[in-house]
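Engineer: Provided herewith is a single structure, encoded as structure tokens, for subsequent inquiry.
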Amino acid sequence: MKISPELNLLIKASLDNASELPFQVEARSIDWQKLGRQAKWNQVRPLAFDFLSQNPDNLAADDVLAQLRDFSVGQAVTNMAFSSISVHLNQQLAQQGVRAFLMKGALWAWLLYEKPGLREFGDIDFFVAKEQLQGGLNVFEQNGFEPDSYRKYLLRSDKAASAYLNTDYQLPLTPVREHALRSLEIQWNCSYPRYQFNFSWKELCSEMVGHQIMGKTVNVPVLENQLIMMLVHHVGIEQWDKLKYMADFVRLLKQYSATLDWAYISRIARHKGFFNLLLESLGAAQMLTGIQYVRLVDPTGNAEYPSAGFMQDIVSHWEDERDTLKTKTFRILAYNLKYRDNWKVKLRILSGHLGYLVHWRLIWHKWIWHKNR
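3 is the number of the first residue of the sequence shown in the working numbering; add one for each residue after it.
Spelled out as structure tokens, the structure:
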């Protein structure tokens with residue numbers, strides 16, 4: 003497998019990896035404009051700037067370095083502001099007795115990175131117990147956030163709303179007034195139910211631990227469940243399409259793999275039908291870092307991970323980007339039918355997609371909305 007010198011540098015920057023990667027690297031000088039584009043696509047601009055700042059031998063083009071610096075400074079300020087909002091909302095949810103926890107990037111920036119500003123920030127995400135969604139929505143509404151216009155339309159009808167909550171897993175909220183935070187999401191599951199990555203509040207939150215964000219303690223699921231949620235999102239849905247996702251995963255493994263309960267992680271992955279994705283992902287991290295991660299769940303080492311096609315797809319998407327689709331349903335479906343554990347879970351996935359058709363009221367409302375747009 004051959005990669006560009008731009009991607010070679012970005013992988014090392016993102017994974018904090020000083021060793022040689024197991025890829026051939028094109029024998030040419032770095033195209034700094036291309037590196038800037040790749041850093042943007044892979045959402046690793048702060049990591050790229052931090053790496054270049056600490057390695058001045060890489061004579062980056064002044065304009066590209068300036069762009070990376072300006073973005074990184076702005077991102078650091080944004081991260082701190084959004085972290086403050088996250089902690090404030092978390093406290094209010096707790097005060098109102100709403101079972102909820104801060105999740106994904108807003109948490110992982112503090113949990114996994116040397117400096118929170120090194121992780122490009124996306125949305126603020128909260129997981130809310132499904133039976134307490136209305137209570138959560140009330141708290142967010144009091145703070146100036148409500149469902150976006152599309153979801154507000156779908157939730158007007160009780161039957162369509164019920165179907166939406168049973169077939170979806172997240173509800174994007176937007177600010178009622180001008181706000182620095184453009185999007186906030188609440189989830190009640192880890193992904194669309196039809197992909198069979200379903201986790202209830204009880205499954206994720208049977209054991210909680212406290213972590214510090216801006217001097218405040220937030221209670222979140224244990225690290226084993228953080229890794230499981232990361233796998234569901236980063237590979238089950240996003241297919242490791244961006245280097246940022248692997249940066250999260252590798253940091254979690256480097257810092258905590260020695261203390262994680264891998265028997266529990268393996269048991270849950272097998273039960274939910276994504277043990278193969280766990281093996282492939284550990285294999286990818288192993289290939290990129292040289293650290294033996296696969297043996298944590300497969301001590302026999304009878305099979306080789308990652309498979310060639312799995313790794314080739316990841317690297318090609320980091321290198322060449324990937325088409326942005328209006329809906330990724332068929333892309334995600336095809337991926338899960340390819341990589342999930344067995345035909346039993348694959349048939350459940352297919353059945354879930356066919357079963358979606360019985361929610362005709364919801365489909366009708368969605369069709370009317372898009373037709374009018």
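Idealized CB from N, CA, C, for every residue including glycine.
1. Measuring only the C-alpha atoms, how far is W320 from L11?
2. Per DSSP, what kind of secondary structure is T1 in: helix, strand or coil?
3. Return helix, strand or coil for Q45, following the three-state DSSP convention.
4. From what residue to what residue does the alpha helix (DSSP H) around F123 run?
5. Mind checking S88: buried by the 16 CB within 10 Å criterion, or exposed?
6. Verify whether the separation of the beta carbon atoms of V66 and W34 is less than 8 Å.
7. Taking the alpha-carbon of L327 as reference, which of E8, E240, F123, L262 has the nearest alpha-carbon?
8. Nearest to S259 by CA position, among F276, N227, D243, is which residue?
9. Could you tell me how far apart the beta carbons of L186 and L175 are, in whole angstroms, since I believe they sit closer than 8 Å?
10. My understanding is that D376 touches A108, with C-beta atoms under 8 Å, so please give their C-beta distance in whole angstroms.
11. Once you ignore the five residues that flank N57 on each side, which residues in its own chain have a CB closer than 7 Å to its CB?
12. Assuming N278 and Y197 are in contact, meaning their beta carbons sit under 8 Å apart, how far apart are those beta carbons, in whole angstroms?
13. With respect to the alpha helix (DSSP H) encompassing P7, which residues constitute its N-terminal and C-terminal limits?
14. List the DSSP bridge partners of K218.
15. Under a three-way DSSP split, which group does L186 fall into?
16. Considering only C-alpha positions, which residue in the set V178, V46, A68, Y171 is nearest to P118?
17. Would you list the residues sitting across from V27 in a DSSP beta bridge?
18. By the 10 Å Cβ neighbour count, where 16 or more other Cβ atoms means buried, how is I370 classified, buried or exposed?
19. Here's a check: name, in chain order, each residue in its chain whose Cβ is nearer than 7 Å to the Cβ of I316, leaving out the five neighbours to either side.
20. Bridge partners of V130, per DSSP?
21. Would L173 be called buried (16 or more neighbouring beta carbons within 10 Å of its own) or exposed?
22. Given this structure, state the Cα-to-Cα distance separating A271 from L61, to the nearest angstrom.
23. Under 8 Å between C-beta atoms, does S202 make it to chain D?
24. If you check the beta carbons only, do M231 and C192 fall under 8 Å apart?
Structural biologist: With the given structure in hand:
1. On the sequence shown, position 318 is the one that residue 320 refers to. On the sequence shown, position 9 is the one that residue 11 refers to. Cα to Cα, the separation comes out at about 12 Å.
2. No answer is possible for residue 1: the residues shown for the chain start at 3 and end at 375.
3. Stepping through the sequence shown from its first residue, residue 45 is reached at position 43. Q45: coil per DSSP, three-state reduction.
4. Within the sequence shown, residue 123 is the residue found at index 121, counting from 1. Note, F123: premise wrong, no alpha helix (DSSP H); not H, not E.
5. Here residue 88 refers to the residue found at position 86 of the sequence shown. Buried, because 16 or more other Cβ atoms sit within 10 Å of the Cβ of S88.
6. Working through the sequence shown from its first residue, we reach residue 66 at position 64. Working through the sequence shown from its first residue, we reach residue 34 at position 32. Against a cut-off of 8 Å, the Cβ pair of W34 and V66 comes out as a contact.
7. On the sequence shown, residue 327 is found 325 positions in, with the first residue counted as 1. Looking at the Cα atoms, E240 is the closest of the given residues.
8. In the sequence shown, residue 259 corresponds to position 257, counting from 1. The residue with the shortest Cα to Cα distance from S259 is N227.
9. Translated into the one-based positions of the sequence shown, residue 186 becomes position 184. Translated into the one-based positions of the sequence shown, residue 175 becomes position 173. Rounded, the Cβ-Cβ distance is 5 Å, consistent with contact.
10. Nothing in the structure corresponds to residue 376, since the chain is present only between 3 and 375.
11. On the sequence shown, position 55 is the one that residue 57 refers to. None.
12. Translated into positions along the sequence shown, residue 278 becomes position 276. Translated into positions along the sequence shown, residue 197 becomes position 195. About 14 Å; that fails the 8 Å criterion.
13. By 1-based counting over the sequence shown, the position of residue 7 is 5. 7-17 is the extent of the alpha helix (DSSP H) around P7.
14. Here residue 218 corresponds to residue number 216 of the sequence shown, with the count starting at 1. DSSP, once it has assigned bridges, lists I215 as partnering K218.
15. On the sequence shown, residue 186 is found 184 positions in, with the first residue counted as 1. It is a strand residue.
16. Position 116 of the sequence shown holds residue 118. The option with the nearest alpha carbon to P118 is V46.
17. Within the sequence shown, residue 27 is the residue found at index 25, counting from 1. V27 is bridged to I5.
18. Position 368 of the sequence shown holds residue 370. Exposed is the call here.
19. Indexing the sequence shown from 1 puts residue 316 at position 314. Hits under 7 Å: W242, A286.
20. Your numbering for residue 130 matches position 128 in the sequence shown. Looking at the DSSP assignment, V130 forms a beta bridge with A102.
21. To locate residue 173, count along the sequence shown from 1; it is residue 171. Under this definition L173 is a buried residue.
22. Counting from one through the sequence shown, the residue named residue 271 turns up at place 269. Counting from one through the sequence shown, the residue named residue 61 turns up at place 59. The alpha-carbon atoms of A271 and L61 are separated by roughly 44 Å.
23. The chain inventory of the structure shown lacks chain D, comprising one protein chain alone.
24. Reading the sequence shown from its first residue, position 229 is the one you call residue 231. Reading the sequence shown from its first residue, position 190 is the one you call residue 192. Yes, Cβ-Cβ distance for M231 and C192 is below 8 Å.
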